[in-house]
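From first to last, the protein sequence lines stand for chains A and B. Terminal number for the first sequence in our numbering: 276, no gaps in between. Terminal number for the second sequence in our numbering: 348, no gaps in between. Note that the Cβ used here is the ideal one computed from N, Cα and C, for glycine as well. Nothing here was measured: the structure is a model prediction, and the numbers come from that model.
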Amino acid sequence: MLMIGMALPAIANADVRSSPTGPPIYIKATELTLEDRGSNWHGRYGAGIALVPEFAGSGGYALDLDLDLKLFWKNTFFIENGTMGVIAFNNRIWRAGMLVRGVQGRRVRNLPEPIKGLGKVDARLDGGVFVGVSLYKTYLTGEFFTDLSGVTDGETFNLETGYTMELSRKTRLVPYIRLKWGSGQHLQKFFGVNTAQSLATGLTPYYAKMSLYESIAGMVFENDLGKNWRLGASAHMGFLHGAAGNSPITRSQYGSRGQFTARIKLLKTF
Amino acid sequence: MIGTVMTQYKFYILALCAGFGLLAPSAHSASDVTPSILRVLTYNINALPSPVIRHKTARLNRIAQILRERREQGTQPDIVVLQEAFGERCNVIIEQSGYKYVVRGPGRKSGRNPRGTSWGVESGRSYAKRAKPQKFMGSGLIILSDYKITNPVFTTFNGKACAGLDCLANKAIVMTEITIPGLDSPVKLVTSHFNSNRSAKAPGAVRLRAHQQQTDILAKFLARTTSMKTPLILAGDFNTRLPARYQYFREEINALDAAESCLKTGISCALDTQTTPSEVLYLTDDKQFYRSGSATLLTPVYIERNFRELLDGRALSDHTGYEVHYALDTPGQGGK
């Protein structure tokens with residue numbers, strides 16, 4: 007190999023400029039699409055088990071079947087685990103939309119015998135709005151709901167932020183924190199004790215006021231099992247405070263301010 | 013005419029071999045003459061947006077000045093491909109270097125950007141989270157040419173073919189045809205900026221998979237836009253310093269490594285005296301690959317890592333330029 011200290015001069019073309027003269031000619035590149043246009047539909051379905059508190063403020067836990075379904079059309083209309091909605095605004099940073107959701111109430115059969123007199127709270131239909139802000143792997147979402155079904159006639163607001171950590175090519179972990187706020191009507195339904203309930207259960211009468219009632223720290227773990235299969239697991243620990251934390255239900259021997267939830271499920275994406 | 017020019021060129025090589033720096037051909041000749049040498053520079057100019065890198069303007073001005081000075085000397089690269097040319101500040105290179113034809117790679121919003129990221133999580137509520145990678149910057153690619161550019165096309169890397177912070181740029185592949193006087197078919201020039209390695213701040217396996225996916229996309233892109241009949245030059249920041257990346261790239265991309273060819277051909281190819289073989293072979297992310305066409309032979313005859321100077325104690329970029337001179341030979345057109 008030869009090492010030389012000067013560039014080989016070339017025979018240039020007469021069309022080539024010897025000095026910067028005149029503006030350059032910009033030529034616009036056109037896109038070449040290599041992949042077929044994807045389907046308008048995407049989503050996931052799956053099943054697993056969940057360990058959840060037996061009722062709001064409970065110190066006991068129940069093992070439940072955990073079914074999972076997500077269906078998106080054109081990244082606009084969606085159904086996701088009992089929530090249905092539309093993404094009305096969507097740009098690089100944030101998205102916002104409207105949604106309705108069905109929410110389970112309180113089942114008498116989940117209540118310990120001495121406090122069955124609290125009675126059931128019917129399942130309800132919430133309507134609400136959401137706003138989500140994403141920045142790289144960090145997200146912040148806020149959701150506001152109001153009860154449309156007349157079960158609680160209350161409002162709730164959830165604020166959640168998390169960060170996705172890529173542990174390896176196949177595994178991801180999302181630690182997050184969530185704050186929950188509830189109106190007086192909402193909290194009264196789940197954490198209040200009216201006179202009749204007090205007489206039936208022996209719990210002190212209690213009237214809940216609106217408050218920031220739960221702080222949650224949790225994490226979601228996901229592992230790719232194949233191109234379209236994932237193992238999902240999540241766990242979170244909530245701490246009841248405010249009106250929920252001071253409730254006689256929470257403070258009773260059947261209640262707890264700590265609310266733990268764990269889920270594990272197998273998901274198929276499409 | 014071509015034969016005459018090539019004879020001059022071969023004589024020039026022979027003269028150099030003999031230790032004589034003589035017989036430099038004239039800087040200009042008739043417009044229908046095929047140039048004997050095609051000089052291609054790839055340079056990652058590290059013009060990340062402020063405030064990531066400040067005080068960049070002076071360095072960009074200096075890069076433009078160097079290219080302008082080389083033009084005045086008649087030794088400028090015929091084709092320049094730039095990476096990380098983000099923002100308006102880079103216009104100084106376009107406007108002052110004197111190149112007649114310019115192609116910009118796709119901007120932030122250009123191209124399809126399919127759903128999915130390498131860090132996408134399915135569990136939990138997903139409707140409030142963005143499903144596509146956010147693009148805060150364009151591709152950062154610019155092609156400058158003295159020769160006429162036609163039919164530029166691009167494709168962007170899809171959502172999952174990126175890793176870490178690199179996903180914030182709309183990275184892409186750009187191909188253009190360079191019409192060189194006297195050649196039957198244009199030279200196809202392809203440039204790209206592949207996923208970085210450690211600076212992407214993602215797990216190694218994720219980075220490697222993203223790089224391999226980008227290589228697959230490039231292979232598909234080449235299959236759609238090029239043929240074995242037309243000469244091809246791939247010049248860019250392919251981020252192939254990691255052996256696993258380089259090996260996969262070489263297996264999937266049907267083109268020769270200009271540095272390997274240069275160092276194998278012995279006396280017919282030269283390195284600049286400041287340039288070491290490792291700088292052009294494997295200890296580099298900037299590379300050039302090439303493929304001759306059926307009517308036009310490309311042969312690397314000179315390679316140089318340039319733009320090494322310091323400005324106020326700082327390098328002009330975190331990369332150096334990678335310039336290859338290709339001898340153009342048209343065996344079937346000897347009498348043209």
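Residue environment, residue i, which counts as buried when at least 16 other CB atoms sit within 10 Å
i: F197/A; result: buried
i: S45/A; result: exposed
i: E371/B; result: No answer is possible for residue 371/B: it lies beyond the span of chain B, which begins at 13 and ends at 348.
i: N97/A; result: exposed
i: Q286/B; result: exposed
i: G233/A; result: Per the sequence shown, residue 233/A should be read as Lys rather than Gly. Burial call: exposed.
i: D190/B; result: The sequence shown places Ile at residue 190/B, rather than the Asp named in the question. When all chains shown are included, I190/B counts as buried.
i: Y334/B; result: buried
i: P215/B; result: buried
i: V114/A; result: exposed
i: L295/B; result: exposed
i: T144/A; result: exposed
i: P164/B; result: buried
i: Q259/B; result: exposed
i: K172/B; result: buried
Reduced DSSP secondary structure (H/G/I, E/B, other) of residue i
i: K247/A; result: Before going on, a small fix: residue 247/A reads as His here, not Lys. Note: H247/A maps to coil in three-state DSSP.
i: Y213/A; result: coil
i: R101/A; result: strand
i: V133/B; result: coil
i: R262/B; result: helix
i: L40/A; result: coil
i: L72/B; result: helix
i: V135/A; result: strand
i: N164/A; result: strand
i: L28/B; result: Unreliable positioning characterises L28/B in this predicted model, as indicated by a pLDDT of 41, which lies under 50. The coordinate reading is nonetheless provided below. Reduced to three states, the DSSP call for L28/B is helix.
i: D178/B; result: helix
i: D159/A; result: coil
i: K3/A; result: Since the first residue of chain A shown is 7 and the last is 276, residue 3/A is not available in this structure.
i: S41/B; result: Confidence at S41/B is low in this model, with a pLDDT of 36, below 50, so the placement of that residue should be treated as unreliable; the coordinate-derived value is given next. In the structure shown, S41/B sits in coil (DSSP, three-state: anything other than H, G, I, E or B).
i: Q95/B; result: strand
i: K213/B; result: coil
i: K233/A; result: coil
Chain-ordered neighbours of residue i on chain B, where CB pairs are closer than 7 angstroms
i: R115/A; result: Within chain B, no residue comes near R115/A; the closest Cβ sits about 28 angstroms away, beyond 7 angstroms.
i: K186/A; result: Here the premise fails: no neighbours, minimum Cβ distance about 14 angstroms.
i: V180/A; result: V133
Contact list for residue i against chain A, beta-carbon separation under 9 angstroms
i: S122/B; result: A35 and E37
i: L180/B; result: Y142
i: F166/B; result: A35, T36, E37 and L38
i: I78/B; result: Under the 9 angstroms cutoff, chain A gives no residues; its nearest Cβ is about 13 angstroms from I78/B.
i: N170/B; result: L40 and E41
i: V199/B; result: None at all; the shortest Cβ gap to chain A is about 13 angstroms.
Beta-carbon proximity list for residue i, same chain, < 6 angstroms, skipping 5 on both sides
i: S155/A; result: R130 and L131
i: D196/B; result: A307
i: V157/A; result: D128 and R130
i: S41/B; result: Here S41/B scores only 36 on pLDDT, less than 50, and its place in the model should not be relied on; the value that follows carries that caveat. None.
i: V218/B; result: S130 and A175
i: L77/A; result: G49 and I85
i: V336/B; result: V52, A270, Q300, P312 and I315
Contacting residues, own chain, Cβ-Cβ under 8 angstroms from residue i (five flanking each side not counted)
i: G66/A; result: P59, E60, P118 and Y260
i: A350/B; result: The structure shown does not extend to residue 350/B, since chain B is modelled only from 13 through 348, so no value can be given for it.
i: K262/B; result: The sequence given here places Arg at residue 262/B; Lys does not occur at that position. Taken in chain order, the residues that qualify are D269.
Under 7 angstroms by beta carbon: chain A residues contacting residue i
i: R137/B; result: E86
Same chain, Cβ closer than 7 angstroms to residue i, five either side skipped, listed in chain order
i: S43/B; result: Unreliable placement is indicated for S43/B, whose pLDDT of 49 sits below 50; the coordinate value is still reported in the next sentence. These residues qualify, in order along the chain: P193.
i: L105/A; result: T89, M90, G91, G134 and F136
Where residue i meets chain B, residues with beta-carbon distance less than 8 angstroms
i: P30/A; result: I106, E107, Y111, K112, Y113, V114 and L156
i: L173/A; result: P215
i: K76/A; result: E134 and S138
Beta-carbon neighbours of residue i, restricted to chain A and to distances below 8 angstroms
i: R221/B; result: R175
i: F233/B; result: L38 and L40
i: R236/B; result: L38 and L40
i: V202/B; result: Simply none; closest approach about 12 angstroms.
i: V336/B; result: Within chain A, no residue comes near V336/B; the closest Cβ sits about 11 angstroms away, beyond 8 angstroms.
i: V218/B; result: E172, S174 and R175
Q: Closer than 9 angstroms, Cβ to Cβ, to anything on chain A: give me those residues from the segment 87–112 of chain B, in chain order.
A: T87, Q88, D90, I106, E107, Q108, S109, G110, Y111 and K112
Q | Near-chain B residues of the segment 129–155 of chain A - C-beta to any C-beta below 7 angstroms | A | Listed by position along the chain: F136, G138, S140, Y142, K143, Y145 and T147.
**Q.** Members of the segment 224–250 of chain A near chain B, C-beta cut-off 7 angstroms
**A.** V226, E228, R236, G238 and S240
Q | Positions along the segment 84–95 of chain A whose CB lies within less than 7 angstroms of some CB in chain E | A | No chain E appears in this structure, whose protein chains are A and B.
Q.
Taking beta-carbon pairs under 7 angstroms, can you tell me which members of the segment 293–322 of chain B lie near chain A?
A. Contacts with chain A (Cβ-Cβ distance below 7 angstroms) from the segment 293–322 of chain B involve V313, Y314 and E316, listed in chain order.
Q | Short-range partners of chain B found in the segment 45–63 of chain A, where Cβ spacing is below 7 angstroms | A | H48 and R50
Q: Return the residues of the segment 207–220 of chain A that lie within a Cβ-Cβ distance of less than 7 angstroms from chain B, sorted by chain order.
A: Listed by position along the chain: nothing, the set is empty.
Q: Using a Cβ-Cβ cut-off of less than 7 angstroms, give me the residues of the segment 254–275 of chain A that come near chain B, in sequence order.
A: L273 and T275
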